[in-house]
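Note sheet for the following structure.
In the numbering used here, the protein residues as written are 1117 to 2052.
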């Protein structure tokens, strides 16, 4: 409606003064005039009709008696019309009477006179005394009842002409028209006066305002109105005059502002010099940040060097079981992944600056994804989370890209899914998004059944140092940096990253699905056909639906005759129909009571059997007892192919064999564990090593060697970050020392550093070093360095290490000497020292815990227990380690659940403390026997 009114006002020009005057004055007056005229015409017509009725009543009343006499005579003398015609002729002499008649009681015309006498007369209404007016053509008929005989009524009828009524109506109409014309004339005169008095001056003022501009503001405005309009014109003239003065002032102010702006520009020029100085300071601060990154890189990567070195030493032992090899491989992968995480975090500033470049190298995409899931499988196994991995058929196996950065993104998404999923499943899928010549865009998704995300949490999900909820950091841990780094890395891979709420896809589902896309280059010629296992037969039962679908899909591609059971009972029934031969496999899911399940299966089936589950949950001894092969979760195509091909589960890594007999190297490092690891690795290669814990000590050894005329070192491993005298300073001093000796052979110096900066190698080479090795150092790197810089030919031969035997037989649950040796890299002296340190710390730890329990300081008690638990992990004390860990977890309940310690909790703490004291006494006694036997 408002839009319709606006259009109507615009079309009728009602928004102007003339239009409003017509709408507000003329229209109401015309409406009133028309209504009044109609009322006058109606009232005039009614008055004329009433006057005609009175005339008819008078005529009929005057001749009523004569009509009664005439009707009586007619009743006795039907042919006696003279008397009736006489008085009827008298009635016709009245003005406007057209005709008259006498109608008897039967409705018959007994006597009539006048024009149109043959026209019928209307019937009279019974029991009425007067009739009319009844319209008939251009006249009206009236009638009056007369007595014809006893109980009989006749009617005297007359018809009157309507001409007087019409004449009266025309007179009134003429008067109304004349009055209307006079009124219209008066209104026009008023409108003319109104327009000259108000509207014309308003338009004149409007035209004067339209002609105004900056050049005519000082012109005089003509005032020719009166009354209020004159005052309005005078006010407008005053406003224009003030506007002119204001414009002059503004012009002066503008000129002054231009002068001020010139002076401001001069000031800004001076400030630019200050800003350049501040920029130089910012550049210097950025350089300080780079130094900080280098230092923190050294502090983080130095202990990783020791961890990775000890892992290599353990992997090179020949007496490790498959289970131990699997555990060590998992630890090694986790260590390598942790190193990659540290590199990514340290390069975060480079990612923001857009200076991080991705490497391009071919790698096995399926193996890379499986490595990430296999590395994180222990975390999923602890929470009883099922993991599945689906690799589509059209996805190339080998791609070209940055494997390390890809694993970083996938690790962040899967670890977050495990972290925020209390129970359920995690499914990783890979599918082709877009395929082009020489490259492909792949879509990766990680679906979980965890806690999901709220609407407010999604907005800040990919921001740096932020998480979905403030309580998430306290409950699950983390810095909130992983997804931010992943987003930057995915963009560098020409992809996108995002997430979906599973409930938006299906209301019954829970959790979320994180996805990302990445562009990889591919080699069109590389194609690996599916293996043909059409001769194989597989009977399977997997409780996890997603894993069952993946297994079904893989077996269909390999042409395997697959029978799938829906329950354990159905599996037992199907086993009776399976032929136990070398081409048949039964794959069964790991259950709570594995021993009972395997026993029942072996009662019915004696052929090839595989048990699917996490490697932490599958007991090798139980599998060997029932002649079953492990099939580790998550299921991979390579593991399935190995199973169907009867290949070994684990293939030991073959190291390049190297014999460094006769070589003597100097290792300089301020971190003793690094020297221990390096010495052990070089010892396996028959290379002699001399330690130096500082640059000053290394210079002293070299000077002493020169003074005594001893043979020079073949090579120097030099750490960079050392106190007092850094590796660069030590290298410069060694080069200066070499310059004072004639015919001295240049000593190869290899930088052994943990710096993560990309330009570090060039800087080190410029300062006198010959090569660069990043920590943690690998044995392959050592062999490559020795081969390249010692310039000697070595004969390859098998290396063997003597593993010391335990000195005495002690309960391995109390003190496992074999485990202690493995944790000490098979160094017996180091194992004894760690055992002594642990035993010597018992009294202090127990005393401190007793005091904390008495004062009920349980947060500090948790800290002490964590310290003791960490110490037990470096010595083979399984029972003490278990009791300490359970005690720590029990005390941490107060912090995690924000509870208050009550009497029940304090009593339980005291009981666990007494149990811990007993286990410590057991370890103390076993350690005394062990140390006594060693001293003997």
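We put the beta carbon where it would ideally sit given N, CA and C, even for glycine.
Residue i - containing alpha helix (DSSP H), residue span
i            : result
residue 1999 : 1994-2013
residue 1963 : 1958-1970
residue 1661 : 1661-1673
residue 1525 : 1519-1535
residue 1071 : Residue coverage of the chain in this structure runs from 1117 to 2052, which leaves residue 1071 outside it and unanswerable.
residue 1985 : 1974-1988
residue 1783 : Where residue 1783 is concerned, there is no enclosing alpha helix (DSSP H), although the beta strand (DSSP E) it sits in stretches over 1780-1784.
residue 1615 : Unbroken run through residue 1615 is the beta strand (DSSP E), 1613-1617; no alpha helix (DSSP H).
residue 1774 : First-last for residue 1774: undefined, no H or E at that position.
residue 1146 : 1143-1178
residue 1510 : Taken as a continuous stretch (DSSP letters only), residue 1510 belongs to no alpha helix (DSSP H), as it is neither H nor E.
residue 1741 : 1736-1741
residue 2017 : Premise fails: residue 2017 is in no alpha helix (DSSP H) and is neither H nor E.
residue 1856 : Unbroken run through residue 1856: none, as it is neither H nor E.
residue 1814 : 1811-1824
residue 1899 : 1895-1906
residue 1929 : Taken as a continuous stretch (DSSP letters only), residue 1929 belongs to no alpha helix (DSSP H), as it is neither H nor E.
residue 1686 : 1684-1691
Run of the beta strand (DSSP E) containing residue i, from where it starts to where it stops
i            : result
residue 1833 : 1831-1835
residue 1807 : 1804-1808
residue 1887 : 1887-1890
residue 1747 : 1745-1748
residue 1478 : 1477-1480
residue 1801 : Note, residue 1801: premise wrong, no beta strand (DSSP E); not H, not E.
DSSP beta-bridge partners of residue i
i            : result
residue 1677 : 1653
residue 1441 : According to DSSP, residue 1441 bridges with nothing at all.
residue 1563 : 1543 and 1629
residue 1217 : 1228 and 1273
residue 1548 : 1558
residue 1724 : 1701
residue 1263 : 1269
residue 1761 : DSSP output for residue 1761 lists no bridge partner at all.
residue 1868 : 1835 and 1889
residue 1502 : 1541
residue 1515 : 1479
Whether residue i touches residue j by CB criterion (9 Å)
i            : j            : result
residue 1776 : residue 1803 : yes
residue 1541 : residue 1660 : yes
residue 1638 : residue 1555 : yes
residue 1563 : residue 1611 : no
residue 1717 : residue 1797 : no
residue 1283 : residue 1257 : no
residue 1503 : residue 1749 : yes
residue 1600 : residue 1566 : no
residue 1214 : residue 1227 : no
residue 2058 : residue 1635 : No answer is possible for residue 2058: the residues shown for the chain start at 1117 and end at 2052.
residue 1488 : residue 1535 : no
residue 1450 : residue 1529 : no
residue 1208 : residue 1230 : yes
residue 1168 : residue 1281 : yes
The ligand GTP heavy atom lying under 8 Å from the CB of residue i
i            : result
residue 1522 : The model depicted lacks the ligand GTP and carries no ligand whatsoever.
Report the residue ranges of all alpha helix (DSSP H) runs contained in full by the segment 1294-1382; include only those spanning at least 4 residues, in chain order. Residue ranges of uninterrupted alpha helix (DSSP H) with 4 or more members, entirely inside the segment 1294-1382 and ordered along the chain, are 1316-1326.
For a minimum of 3 consecutive residues, which ranges assigned as the beta strand (DSSP E) are wholly contained in the segment 1623-1653? Within the segment 1623-1653, the complete beta strand (DSSP E) segments of 3 residues or longer fall at 1628-1637, listed in chain order.
At least 3 beta-carbon pairs within less than 8 Å: the segment 1249-1259 vs the segment 1294-1304: With the cut-off at 8 Å, the segment 1249-1259 and the segment 1294-1304 do not touch.
Count Cβ pairs between the segment 1747-1756 and the segment 1780-1800 that sit closer than 8 Å; are there 3 or more? The count of Cβ pairs closer than 8 Å, one atom from the segment 1747-1756 and one from the segment 1780-1800, stays below three, leaving the stretches out of contact.
Can you find at least 3 beta carbon pairs, one from the segment 1505-1518 and one from the segment 1480-1494, that sit closer than 8 Å? Between the segment 1505-1518 and the segment 1480-1494 there are three or more inter-stretch CB-CB distances shorter than 8 Å, so the stretches are counted as touching.
Under 8 Å: do the segment 1927-1934 and the segment 1963-1971 share three or more Cβ pairs, one atom per stretch? Taking a cut-off of 8 Å for Cβ pairs, the segment 1927-1934 and the segment 1963-1971 do not touch, as fewer than three such pairs fall below it.
At a cut of 8 Å, does the segment 1485-1500 reach the segment 1730-1745 through at least three beta carbon pairs? Segments in contact, yes.
So, do the segment 1892-1904 and the segment 1950-1969 have three or more beta carbon pairs nearer to each other than 8 Å? The segment 1892-1904 vs the segment 1950-1969: no contact.
Three or more C-beta pairs below 8 Å linking the segment 2004-2023 and the segment 2035-2048: They do not touch, by the three-pair rule.
How about the segment 1806-1815 and the segment 1833-1841: do they share at least three Cβ pairs that are nearer than 8 Å? Flag = yes, the segment 1806-1815 and the segment 1833-1841 touch.
Pairing CB atoms from the segment 1736-1748 with CB atoms from the segment 1701-1715, are three or more of them under 8 Å? Yes: the two stretches touch, three or more of their Cβ pairs being nearer than 8 Å.
Would you be able to state if there are at least three C-beta pairs under 8 Å between the segment 1173-1187 and the segment 1310-1317? Between the segment 1310-1317 and the segment 1173-1187, the count of C-beta pairs closer than 8 Å stays below three; the two stretches do not touch.
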